[in-house]
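Taken in sequence, the protein lines are chains A and B. Position one of the first sequence corresponds to residue 10 (the numbering used here), numbered consecutively onward. Position one of the second sequence corresponds to residue 15 (the numbering used here), numbered consecutively onward.
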Amino acid sequence: MIGSDVRDWSLYPGKELPELKMPLEGYDSLKLLLRKDTNIIEKRRDSKKHETPFEVVNNEYQINELIPFYKDCNVIMGGKSSGKTIFLKAIKDYLERKGFSSSLVDYFSENVKDEYKKLLDYTPSDAEMKEYIGLEDCGEGNLATIKNFVLPSFGNSFSKIRDYYESSSKTTLSKQLGFVSCINSFEEDSSKYEKERGILSADYQTISVFDSGDFLSKYLNKEDLAAAKGLLYKAENKIIDENRLLFISFHSHELANKCIQGFKGIYTQLKATSALPVTTGLKGLYDSNKRVIEAAKQIVNVLKKDDVIREIASGELDGKGEVSICHKIGQIIKPSNDLTAIKSRFVTVAKDISKSLSKIQKKGFSFDLKSCIASLSTLLKENDVSSLKDFLGYQSYFIRENKSVFEPSKGEQSVLVLSKALQCNSPKIEYYLLDEPEMSVGHNYVTKVIVPRIKELCALGKTVIVCTHDANIGVGTLPFQVLYREERNDGSYHTFLGNPFADTLIDSGTGEKKTWKDVAVEILEGGRSALNLREVTYGDRD
Amino acid sequence: METETKLEEYKAELISEDEGKSFVLLLKIPGNPQKIMLSDTDQKDLDKVFYALIDELLRKPFTLVYDKNQNTELLGMDQACEKFVQILDNDLQGILDEGKEELLSKKTEVDE
C-alpha cells in the first residue's frame, strides 16, 4: 500500500488504485473493504439496491429468478448459448410488465439492422410540416379561396342611375336625404388592415419575449433593469393604442359603408324607386380578384421555399468525427431535390399545379382568371389536394463532421444505433439494457465511448444492465453486480450472482461458489494462459 | 413634402343608337386600339370592360372623365352617363389608393 501522503499518482506507475465506487467513512472502512469484508461490502452496495428484486422468467432457458439489481452497472457474462441475451430480454419483459416501458432504453446487437432502418426512417410530423409551410392552416384556406372564386355580380348600375335621375332625384325627400345621392364610399382595405395589424402583433410579440426573458437581469443592475422594463411597458402600451386606433378606423369605415348601403336599400324598397349606386361593381371585382392573387402568391412563395435540414448529432465515428443524421424537408417540385414525396406519384401533378398557380398570380386581374381557376380546381379535385403538405417531400441521411454525406458501414451502423441508446439523456430514462455493445464497434469505441459512458450513467444513479464478452466493459466499468450464466453438458443452466468486491459468485439454486476473478479471466479474457500470452507479447511480462 | 402626381385623364363619351342599342358609352384609351364600349341594355360584357380598365390601370394609372355630349336631345342620358363615369372613376381611384405599391410591382411583373 502506498502511503496516504501521495500527491501525484502518476509518479507511481502501476500502483494506482481503481476508481472508488463506494462512499467510505474513513481509513478503517477502506481496510475492511480491501479485506473483502462481506458485511461492509453489502452495506455499501445496499445504498444503490432497488427496493424490489426483479422477477426474471424464461422457461426455455430454465430462468426463474428473483434478482436484486443496483442503480449502477450490472454485468451479465457467460459462454456462448448460456442464455445471456434471453436473460436480458426477460429483464426487459419484467420492466415492461411493471410499467417501466417509457423509462428504459435498450440495445440488442441482433436488432441492429432493424434499429438502423428505424434510425433512418423519417417522415415529418404535422408540426414540422406546419412550421416549414409557415401558414397556420398549411394553405388550406388559400386553396379554398382560389377554388371558391366566383365572379361577383355587378347589377345594372346604368339603369339605377337613369331611374334615379328620371324620378327619384326630383323628389324633395331624395334631396333631403343625403345618402340617396351619395357615391363616395369610405376606403376599406382589408388586406392593408390585416398587414398593419400583423406588423403590430409581431412587434408586440417581440417586445413580450424580450420582456419575459431573464437575460436583461444578467447584464443590467436593478435600477437599469427597472428603467428598461418601464420602456418596454411603454412600447407595449403604444402598440396597444395603435392597434386600437387601427381597429376603430377600419371598422368605422366598414360600418359607414354598410350603413350607406343599408339606408339606400331601405329607401329603394320603401319608395319603390332608385338611389344612386355607390359602385359600378369594378371595385368589388378588383377586391375578389385581389384575394385570389394574394392567396396564389402566398402558395407560390411556399412552393419556392428552400429546403430545411435539421441536423441531429448521432455520435462519433472513427475517421469521420462527430456525425449527424439529417432530416430534410422541402418542395418536391424543385428539380434538384431527390425527396420522397408525402403524397406518392404526385410530383408531375404538383408541378402542373404550381404552374397553374403562377399563372393565376400573373393573370389575376384579367378575364382569363376564371378559366385558370377552373383548370386549377380540376387538378386539385382530381388529385384530392386540399393542403400544401401534399407538395412536401422528405429525406434522411448521415453526414460527417465536415458535412459531406456518407453511407455508414455495418460496423458504423452498430455504433450509431448503440450511440442513440447510450447517449439518451432524458431524465425519465432509468434503465439502460445493453446486449453485447462491443459487437462490431471496435475496441477503440469500447474504451473511449462505451466504458466512460456507462460509468457516467452509473454516477447519475441509472441502472445499467449489460451482457458482454468484453473485458473492458465487464471489468473496466467496475460492476456493482455480476451475473454469470453457465450451460452444462447435462443440459442444465445455472445463474451465479456476485460482485468483484467480494470476488465471489454464488449459484442461487445450488449454492455453488465460484471466484469472480477466475470466471472473468476465463470468460472475458479467454483464460489465464491467453492473458499471460498477451502480457508477454506486449513485453509487459517476461 | 410629397407632391401629388397628376393622373392622365381618359375621356368617355356617349354615342347614341349604336347597332340597335339605345346608347353606348365609349371609353377611348389613348395608345390602346381597343375601344371599351358599354351599353345600357347589353351588359354581358361588363366584366371584360372592367378587366380592360384594371389592366390599363396596371399599366398606367389614370382618371376617367366624362366628355359632355352636345346633343340636347340626349340631355337626360348625358347626365346619367356623367354620373356613371363619376362612380366608375371613384371605383378606379379606390383601387389606386388601395394598392399603389402592389400595382407598381404588378406592372413590373407584367412588363417582364
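For every residue, glycine included, the Cβ atom is placed at its ideal position computed from N, Cα and C. Quick caveat: nothing in here was measured; it's all calculated off a predicted structure.
Taking the C-alpha atoms as reference points, what is the distance between K379 of chain A and S333 of chain A?
-> 49 Å
Inspect the CB distances between the segment 89-107 of chain A and the segment 360-373 of chain A and report whether three or more fall short of 8 Å.
-> no
What in chain B is Cβ-close to I170 of chain A, meaning under 8 Å?
-> A94, K97, F98 and I101
Closest Cβ-Cβ distance between E27 of chain B and chain A: below 8 Å?
-> no
Give me the Cα-Cα distance between K93 of chain A and G451 of chain A, rounded to the nearest whole angstrom.
-> Each residue's CA atom was taken as its position, placing K93 of chain A and G451 of chain A some 21 Å apart.
Look up K25 of chain B in the DSSP assignment and say whether it is helix, strand or coil.
-> strand
Chain A within 8 Å of L72 of chain B, Cβ atoms only = yes
Beta strand (DSSP E) segment containing R494 of chain A, residue limits | Looking at the DSSP string, the run of the beta strand (DSSP E) that includes R494 of chain A is Q490 to E496.
Give the residues from the segment 363-380 of chain A that approach chain B closer than 7 Å (Cβ to any Cβ), ordered along the chain.
-> The residues in question are K371, F374, S375 and F376.
Cβ neighbour criterion (16 or more within 10 Å) applied to I11 of chain A | Residue confidence is low: I11 of chain A scores 44 on pLDDT, short of 50, so the model does not pin down where it sits. Its coordinate-derived value is still stated next. So I11 of chain A ends up on the exposed side.
Taking Cβ positions only, does D111 of chain B come closer than 8 Å to chain A?
-> yes
Run through DSSP, which three-state label would T132 of chain A get?
-> coil
State the CB to CB distance for the pair F188 of chain A and K273 of chain A, rounded to an integer number of angstroms; the pair is presumed to be in contact (CB under 8 Å).
-> 6 Å
Is the CB of F64 of chain B under 8 Å away from at least one CB in chain A?
-> yes
Validate contact between the segment 368-386 of chain A and the segment 339-359 of chain A using beta carbons, cut 8 Å, 3 pairs | no
Write down every uninterrupted run of the beta strand (DSSP E) in the segment 393-443 of chain A whose length is 3 residues or greater and which is fully enclosed by it, in chain order.
-> 401-408
Reference E175 of chain A, options B:D92, B:Q107, B:Y24 and B:L102, closest by Cα = B:D92
A153 of chain A versus S396 of chain A - alpha carbon distance = About 9 Å.
Which residues in the same chain have their Cβ closer than 8 Å to the Cβ of H262 of chain A, if we skip the five residues on either side of it in sequence?
-> F195, E196 and E197
Kindly indicate which three-state DSSP category V99 of chain B falls into: helix, strand or coil?
-> helix
Give a yes or no on whether the minimum CB-CB distance between D105 of chain B and chain A is below 8 Å.
-> yes
Beta-carbon gap between L3 of chain A and A480 of chain A smaller than 8 Å = Given that chain A is displayed from residue 10 to residue 551, the structure contains no residue 3 of chain A and the question cannot be resolved.
Taking Cβ positions only, does F188 of chain A come closer than 8 Å to chain B?
-> no
CA-CA distance, S118 of chain A and T132 of chain A?
-> If you take the alpha carbons of S118 of chain A and T132 of chain A, they lie about 25 Å apart.
Where the alpha helix (DSSP H) containing V63 of chain B begins and where it ends = V63 of chain B -> alpha helix (DSSP H) spans L60 to R73.
Quick one: residues in its chain with C-beta nearer than 7 Å to the C-beta of C95 of chain B, no 5 flanking neighbours on either side, listed in chain order?
-> The answer, listed in chain order, is L28, L39 and Y80.
Out of A:G88, A:K247, A:T524 and A:K343, which has the shortest C-alpha to C-alpha gap to Y403 of chain A?
-> The candidate whose alpha carbon is nearest that of Y403 of chain A is A:K343.
Roughly how many angstroms separate the alpha carbons of F415 of chain A and L326 of chain A, rounded to a whole number?
-> Cα-Cα distance, rounded: 12 Å.
Go to V79 of chain B, then tell me how far its beta strand (DSSP E) extends in each direction, as first and last residue.
-> Per DSSP, V79 of chain B belongs to the beta strand (DSSP E) from F76 to Y80.
Label L75 of chain A either buried or exposed according to how many other C-beta atoms from any shown protein chain fall within 10 Å of its C-beta, with 16 as the threshold for buried.
-> exposed
Between the CA atoms of S323 of chain A and G87 of chain A - distance to the nearest angstrom = 31 Å
Using a threshold of 8 Å, state whether the C-beta atoms of K4 of chain A and E421 of chain A are closer than that.
-> Since the first residue of chain A shown is 10 and the last is 551, residue 4 of chain A is not available in this structure.
Comparing alpha-carbon positions, which option in A:E445, A:V159, A:G548 and A:E320 lies nearest R409 of chain A?
-> A:E320
Put L469 of chain A into one of helix, strand or coil per three-state DSSP.
-> coil
Can you list the residues of chain E that L41 of chain B reaches, using a CB-CB cut of under 9 Å?
-> In the structure shown, chain E does not exist; the protein chains are A and B.
Three-way DSSP call (helix, strand, coil) for Q132 of chain B in this model | Residue 132 of chain B lies beyond the stretch modelled for chain B, which goes from 15 to 126, so this question has no answer here.
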